[in-house]
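This report concerns only the one structure given below.
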Amino acid sequence: MQISSKQPNIGTTIFTVMSQLAAETGALNLSQGFPNFNCSPKLIELVNHHMKKGMNQYAPMAGIMPLREAIAQKTADLYQLNYHPNDEITIASGCTEVLYAIMTAIIHKGDEVIVFEPAYDSYVPSIELNGGKAVYVTLSPENNFAIDWNLVKSKITDKTKAIILTTPHNPTGKCFTQNNINSLAAITKNTGIFIISDEVYEHIIFDGRKHWSPSMHPELKERTFVCGSFGKTFHTTGWKLGYCLAPKELTAEFRKAHQWITFSCPTPFQYAFADFLKEPDNYLSVTQFYQEKRDKFNNWLKPSRFDWIPAEGSFFQMVSYKKITDEPDYDLAIKWTKEIGVASIPISVFYSEKIDNKILRFCFAKDDEMLEKAAEKLCKL
Ligand SMILES: Cc1ncc(COP(=O)(O)O)c(C=O)c1O
1 MQISSKQPNI GTTIFTVMSQ LAAETGALNL SQGFPNFNCS PKLIELVNHH MKKGMNQYAP
61 MAGIMPLREA IAQKTADLYQ LNYHPNDEIT IASGCTEVLY AIMTAIIHKG DEVIVFEPAY
121 DSYVPSIELN GGKAVYVTLS PENNFAIDWN LVKSKITDKT KAIILTTPHN PTGKCFTQNN
181 INSLAAITKN TGIFIISDEV YEHIIFDGRK HWSPSMHPEL KERTFVCGSF GKTFHTTGWK
241 LGYCLAPKEL TAEFRKAHQW ITFSCPTPFQ YAFADFLKEP DNYLSVTQFY QEKRDKFNNW
301 LKPSRFDWIP AEGSFFQMVS YKKITDEPDY DLAIKWTKEI GVASIPISVF YSEKIDNKIL
361 RFCFAKDDEM LEKAAEKLCK L
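Per UniProt numbering, residue 1 is the first one in the sequence shown, and the count goes up by one each step.
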């Protein structure tokens, strides 16, 4: 039997390819974005506790109320933003599902979604599988991936349904500023364009920066979907739990999609996070934890021939290898995994036209020993 593919140009994601290669070759895996250390033992105890207590059946479709309440509290405490747990907060199976459910909820055939590239790899397939078209705004290292808002404005048509953004950004490590949010509000004023804001690295933000979400702008809040995830914040990427914050009318449509994708998410994990979120230090301490990792990794790389600007946020550091070689980034990432024993992600994979700026991305959500060893190898190049 042959399936007429709906995604004929899609293969296995680069993250799987590089992680597999790293496993086969025994390379230090700084490619895929997941920690190589464990989550808090307290979280594991909490999951255990709730499993033993019998919290093992379907959770409500929108998520258990204590978790929705805890997210509402955290969002109010940190950003003075009010989302009602009843009808404005939904728990989903990671940010990946949140993104897919949003696209399913809002896109009609032929709608356009503006995507900044380099872009996280699930955005465009989620748009296209739902009948939409990605319209690209290409960011480049020449101006440190700054956004030209006039260019963004020029991409808006009467078919523009949404703009998707990521802050802190994967793979560039850039963070939105208040100016960015104001520009976004100005160019979309009176348009009814939805904003899809991927904020999975919300707490991984450096050098005293403040996290700026479009939801903090009163005009944008009413048409913004905020996409969150516990995976990156709590070192639990394998638990696949995330959430969507959006005004009532948007949430109602979001839930219609979510209920047919996963319906509901694992119950004991939700209770565990609800308890864990009650202690703000559990998420606030993540900022300093990753600041130290970024600083150490950057410091250990100092003697190398790479060029880079320290990441503003996320747990990724991009480096330019132009002074070392001009080989294509994809080939080089594979070669260095095999020959040097350090796996990375080539940035060209995040561009629709596979633009090769000679940049690799290293994930520094790894224990210090692995980071130091990797830097040592990279400094020899
Ligand atoms: C920018 C971005 N969005 C979404 C995700 C996926 O999040 P989750 O694991 O919660 O589905 C990732 C994971 O790497 C990411 O980097």
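For each residue, glycine too, the CB sits at the ideal point set by N, CA and C.
Residue interval of the alpha helix (DSSP H) (run including LYS338):
329 to 339
Starting from residue 384, trace the alpha helix (DSSP H) in both directions and tell me its first and last residue.
The question about residue 384 has no answer, for the chain in this structure spans 1 to 381.
For ILE205, which residues does DSSP report across the bridge?
GLY313
For the beta strand (DSSP E) that contains LYS161, what are its first and last residues?
160 to 166
Extent of the continuous alpha helix (DSSP H) run through LYS133
Element bounds for LYS133: not the alpha helix (DSSP H) but the beta strand (DSSP E), 133 to 138.
Is TYR120 near ligand 1 - that is, is its Cβ less than 8 angstroms away from at least one heavy atom of it?
yes
Please confirm whether any heavy atom of ligand 1 lies closer than 8 angstroms to the CB of GLY94.
yes
Going by beta carbon distance, what residues of the same chain come within less than 7 angstroms of THR96, once the five residues before and after it are set aside?
SER122
Just the C-alpha distance for PHE315 and ALA374, rounded to the nearest angstrom, thanks.
15 angstroms
Should the segment 250 to 257 be regarded as contacting the segment 112 to 122, the criterion being three or more beta carbon pairs within less than 8 angstroms?
no
Tell me whether the beta-carbon of LEU21 lies closer than 9 angstroms to the beta-carbon of CYS363.
no
What span of residues does the beta strand (DSSP E) with GLU117 cover, start to end?
112 to 117
Please look up how many angstroms separate the CB atoms of ASP198 and TYR283, rounded, as I've assumed it's under 8 angstroms.
Contact doesn't hold; Cβ gap of about 17 angstroms is too wide.
Same chain, Cβ closer than 7 angstroms to LYS358, neighbours up to 5 away in sequence not counted
SER320, TYR321, LYS322, ASP326, ASP329
Hey, would you say ILE340 sits closer than 9 angstroms to LEU360, going by beta carbons?
no
Take GLY131 and list the residues in its own chain whose beta-carbon comes closer than 8 angstroms to its own, dropping the five residues that flank it on each side.
ILE107, HIS108, LYS109, GLY110, ASP111
Among the candidates LYS293, ILE324, PHE350, ILE44, whose CA atom is the shortest distance from the CA of ALA311?
LYS293
Are ALA27 and VAL349 close, meaning C-beta to C-beta below 9 angstroms?
no
With three or more beta-carbon pairs closer than 8 angstroms as the criterion, would you say the segment 272 to 279 touches the segment 194 to 214?
no
Looking at the unbroken alpha helix (DSSP H) that takes in TYR290, where does it start and where does it end?
281 to 301
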